[in-house]
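Participant:
Numbering (our numbering), first residue to last: 2 to 82.
(1) Among residues of its own chain, excluding the 5 on either side of residue 10, which ones have a beta-carbon nearer than 6 Å to its beta-carbon?
(2) Residue 48 to residue 55, Cα distance in whole Å?
(3) Determine the DSSP secondary structure at residue 70, reduced to helix, strand or coil.
(4) If we ignore side chains and look at the alpha-carbon of each, how far apart do residue 77 and residue 59 end up?
(5) Whose CA, out of 71, 57, 32 and 24, lies closest to the CA of residue 16?
(6) Quick one, are the C-beta atoms of residue 75 and residue 33 less than 8 Å apart?
(7) The beta strand (DSSP E) with residue 10 in it runs from where to where?
(8) Hey, would you say residue 70 sits closer than 8 Å to residue 31, going by beta carbons?
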């Protein structure tokens with residue numbers, strides 16, 4: 002069985018060091034995108050993030066795991082096009 006995967010590229014225009022790629026199963030894509038966007042917003046606004054010293058990648062990964070979404074995460078070098 003072949004599982005189709007889709008890519009989510011999460012990056013910040015203001016912080017070029019924040020650039021990651023998530024690969025998720027096709028059937029999880031919409032939910033993964035929703036969870037990732039919310040987690041990224043929460044990273045800046047949820048006091049728990051700062052209190053527990055989460056990195057943005059770990060925080061997003063944790064939120065995806067909470068809802069049962071399997072993923073692969075890769076960080077992009079800011080010099081890549």
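Quick reminder that beta carbons are idealized off the backbone N, C-alpha and C, glycines included.
As the structure is a computational prediction, the values presented were derived from the model and not from experiment.
Facilitator: By the coordinates alone:
(1) 22
(2) 11 Å
(3) coil
(4) 15 Å
(5) 57
(6) no
(7) 6 to 12
(8) No.
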